[in-house]
Ligand code: SAH
């Protein structure tokens, strides 16, 4: 038996892999967080839908196993990529206790990539991805990773920069990054990347600490070679370019 862990991309169908669309169309049961299911209404109508809220990820996987054992074709969906802060790892971990269940992962465009494309070309050199959510990772670990990324002059993508109950994470993260990054480091933040109502802004690292962000926002902090060019965020790589004039 197979369960598919499908990344649907940012939400706009034009940015979903054809394979993800095909698998979802072929499946009988679609399981996912309510707001992600709302992004793909036409793909899931007429199917058995199991919607679950946040923080019920293990229940979502149990349901998937139950349905697969009944002989149904099951897709568990994540926004972006299923393997990046998504359902793929938990499904695989829980499948250790199961016999005869195989998990197939269908990748999607993750938020960092969607946001980078809107902002310009900030991920042209080495980058690190850090989630500021301390639900499953302790804040001391998050701090350590942020500091190491800053010390290494990585471009840093911050997932889960804030939520209704977590309003101070971005400011604290900026404080740590500022230990090793210049306050003028160029940054960008994107809300609803490649979805309706997308918004993006550029600012300095110093300004970033005062920005209010929510769960629909991702932040990209540049490295020492990141610049603004024609209003976009660009991490230059060191090519020699003949300048006109
Ligand atoms: N699996 C997802 C990430 C889930 S974690 C992926 O690969 O993209 C949830 C966090 O991802 C959000 O808090 C936000 O920081 C970010 N995110 C997901 N989709 C986004 C989008 N379209 N625009 C901006 N941020 C997004």
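Numbering (this note's numbering), first residue to last: 3 to 247. Glycine residues also receive a C-beta, built at the ideal position from the N, C-alpha and C atoms. On a predicted model such as this, the values are computed, not experimentally measured, just so you know.
Is the CB-CB distance between residue 213 and residue 172 below 8 Å? Result yes, Cβ atoms of residue 213 and residue 172 sit closer than 8 Å.
Residue 2: which of 25, 139 and 192 sits nearest, CA to CA? Here the chain covers residues 3 to 247 and nothing more, so residue 2 does not appear.
Which value, in whole angstroms, describes the spacing of the CA atoms of residue 108 and residue 80? Residue 108 and residue 80: Cα-Cα distance of roughly 10 Å.
Where are the beta strand (DSSP E) runs, 3 residues long or more, that stay fully inside the region 6-73, in chain order? Runs of the beta strand (DSSP E) lying entirely within the region 6-73 and spanning at least 3 residues, in chain order: 31-35 and 50-54.
Closer than 7 Å: residue 86 CB and nearest the ligand SAH heavy atom: Inclusion of residue 86 in the 7 Å shell around the ligand SAH follows from its C-beta lying nearer than that to a non-hydrogen atom of the ligand.
beta-carbon residue 161 near the ligand SAH non-hydrogen atom, thresh 7 Å: Yes, the beta carbon of residue 161 sits closer than 7 Å to at least one heavy atom of the ligand SAH.
Taking contact to mean 3 or more Cβ pairs, one atom from each stretch, closer than 8 Å, check whether the region 46-56 and the region 8-19 are in contact. Not touching, per the Cβ criterion.
Nonlocal neighbours in the same chain, by C-beta distance under 8 Å from residue 199, ignoring five residues either side: Beyond the five residues adjoining it in sequence on each side, residue 199 comes within less than 8 Å, by CB distance, of 193 in the same chain, given in chain order.
Just to confirm the assignment, what range does the alpha helix (DSSP H) spanning residue 248 have? Residue 248 is absent from the model: the chain starts at 3 and stops at 247.
From 82, 174 and 196, residue whose alpha carbon lies closest to that of residue 146: Closest option to residue 146, Cα to Cα, is 174.
Cβ-heavy atom distance between residue 80 and the ligand SAH below 7 Å? Yes, since a heavy atom of the ligand SAH falls inside the 7 Å radius drawn around the Cβ of residue 80.
Would the beta-carbon of residue 54 be found less than 7 Å away from any heavy atom of the ligand PLP? In the structure shown, the ligand PLP is absent; the only ligands present are the ligand SAH.
Taking residue 152 as part of the alpha helix (DSSP H), name the residues at either end of that continuous run. 141-153 is the extent of the alpha helix (DSSP H) around residue 152.
Residue 177 in three-state terms, based on DSSP: Assignment of residue 177 by DSSP, reduced to helix, strand and coil, places it in the helix class.
Can you find the residues in the same chain that come closer than 8 Å, C-beta to C-beta, to residue 163, ignoring five residues on each side of it along the sequence? Residues 134, 171, 172, 175, 191, 215, 219, 220 and 221 of the same chain have their beta carbon placed closer than 8 Å to that of residue 163, with the five preceding and five following residues left out of the count.
Can the beta-carbon of residue 34 be found closer than 8 Å to that of residue 82? No.
Report yes if the CB atom of residue 127 is closer than 8 Å to the CB atom of residue 237, and no otherwise. Note that the C-beta distance between residue 127 and residue 237 is below 8 Å.
In this structure, what does DSSP give as the bridge partners for residue 203? Residue pairing by DSSP puts residue 203 in a beta bridge opposite 191.
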